[in-house]
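In the UniProt record's numbering, the protein residues as written are 1 to 355.
Glycine included, C-beta positions come from ideal geometry on N, C-alpha and C.
Source: prediction; values computed, not measured.
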């Protein structure tokens with residue numbers, strides 16, 4: 001083989017090495033959340049990319065085999081060619097044959113190593129890291145072809161590697177991890193806000209992460225802090241409470257101060273709505289009827305806030321009784337307070353704001 005043919009093979013082998021390096025990092029770094037929608041739309045490249053991500057160890061074995069073969073061939077094919085090409089100009093220096101051979105070998109080794117590291121390793125790696133989703137769509141299909149071409153060899157190498165890993169009591173995985181724990185998501189959100197890539201001025205995104213970690217007792221209002229009305233309360237009493245406190249819902253308590261339900265302002269207005277003036281006056285001064293008092297959903301103090309929200313939505317209730325381990329009611333959970341954990345403060349339309 002001529003010296004210039006060796007240079008051509010150097011370029012070709014560097015390209016193949018770059019392909020395997022880029023494919024390796026693309027398969028690991030690509031996000032399923034970005035590829036799956038494309039696959040659902042019928043993209044063959046996306047479907048192949050998902051297959052590659054689901055068989056990550058097989059793909060990595062293919063990449064490692066390709067990188068190893070290319071690296072060995074690069075040195076064996078290109079070094080002699082560059083060595084011979086450099087021998088002529090170095091011979092004009094008047095050095096001895098041994099000195100020329102050593103100098104040509106060192107220069108060839110440095111040049112080949114530089115080209116291999118920069119163009120065969122670092123450039124494709126950085127491209128795959130910067131554009132993993134686009135890279136895996138381009139590289140997954142040819143990588144799958146190579147894996148099928150050398151399937152027996154690759155499967156054997158992968159089997160040996162997996163059993164070696166099991167000797168260390170580690171179970172190998174076929175698919176790259178594409179899910180995150182709650183703590184990892186919280187860290188991602190915090191880091192993204194610091195780096196300026198996530199605009200969360202209202203704090204909603206951070207609140208959603210923290211929301212899933214809270215219990216009913218963390219948001220519920222203790223009984224001693226509630227504005228309550230007795231069972232004997234009348235629509236007039238509710239009206240006065242609205243004028244004084246501005247809330248639209250009030251907890252009804254029995255003689256022992258335990259919640260028995262709650263009333264909403266609109267229900268009281270219906271109750272006191274007169275067929276004629278005198279009837280309305282009588283209804284407004286009579287105790288609220290039991291059918292107008294809404295029962296509250298019972299939840300435990302340790303109930304996850306998202307579970308309490310789901311229960312209240314299914315029951316169409318805005319308030320829930322929060323009970324301790326002995327079944328005693330210790331607080332009341334308001335739907336409004338749960339929503340505020342997600343979106344910030346929610347103002348009751350009937351509540352008066354202090355001036």
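Asked, Found
"Residue environment, residue 10, which counts as buried when at least 16 other CB atoms sit within 10 Å", "buried"
"Rounded distance between the beta-carbons of residue 62 and residue 143, thought under 8 Å", "6 Å"
"Rounded separation between residue 380 and residue 51 - CA only", "Absent from the model: residue 380. The displayed extent of the chain is 1 to 355, so no value can be given."
"Buried versus exposed call for residue 41 [16 or more other C-beta atoms within 10 Å across all chains shown]", "exposed"
"C-beta contact flag for residue 56 and residue 28 at 8 Å", "yes"
"Close beta carbons around residue 48, own chain, < 7 Å, minus the five adjacent residues each side", "140, 141 and 144"
"Other residues of its chain near residue 253: CB distance less than 7 Å, five sequence neighbours each side excluded", "228, 230, 259 and 260"
"Three-state secondary structure (DSSP) of residue 264", "strand"
"Own chain partners of residue 137 with C-beta closer than 7 Å, once the 5 adjacent residues on each side are dropped", "45, 46 and 49"
"Residue 32 versus 236, 53 and 15, residue with shortest Cα-Cα distance", "53"
"Alpha-carbon to alpha-carbon, residue 65 and residue 81", "25 Å"
"Sequence-distant residues of its chain with Cβ nearer than 7 Å to residue 118 (five each side left out)", "none"
"Pairwise C-alpha distance: residue 234 and residue 286", "5 Å"
"Contact under 8 Å by Cβ, residue 125 with residue 25", "yes"
"Whole-angstrom distance between residue 130 and residue 262, CA atom to CA atom", "56 Å"
"Distance between residue 240 and residue 354 (C-alpha atoms, nearest Å)", "With a pLDDT of only 48 at residue 354, under the threshold of 50, the placement of this residue in the model should not be trusted; the figure read from the coordinates follows. Roughly 17 Å separates the two Cα atoms."
"Reduced DSSP category for residue 326 - H, G, I as helix; E, B as strand; rest coil", "coil"
"Distance, residue 250 Cα to residue 277 Cα", "Interpretation of residue 277 is limited by its pLDDT of 49, a score under 50 that renders its predicted location unreliable; the figure taken from the coordinates is listed afterwards. In a straight line, the C-alpha of residue 277 is about 26 Å away from that of residue 250."
"Rounded straight-line distance, which links the Cα of residue 331 to that of residue 244", "22 Å"
"Whole-angstrom distance between residue 226 and residue 257, CA atom to CA atom", "11 Å"
"Length of the line joining the Cα atoms of residue 75 and residue 103", "16 Å"
"Cα-Cα separation, residue 133 to residue 37", "12 Å"
"Cα-Cα separation between residue 305 and residue 312, rounded to whole angstroms", "11 Å"
"Limits of the alpha helix (DSSP H) - the one that residue 240 falls within", "235-245"
"Alpha-carbon spacing of residue 268 relative to residue 221, whole angstroms", "23 Å"
"Among 301, 99, 150 and 322, the one whose alpha carbon lies nearest that of residue 83", "99"
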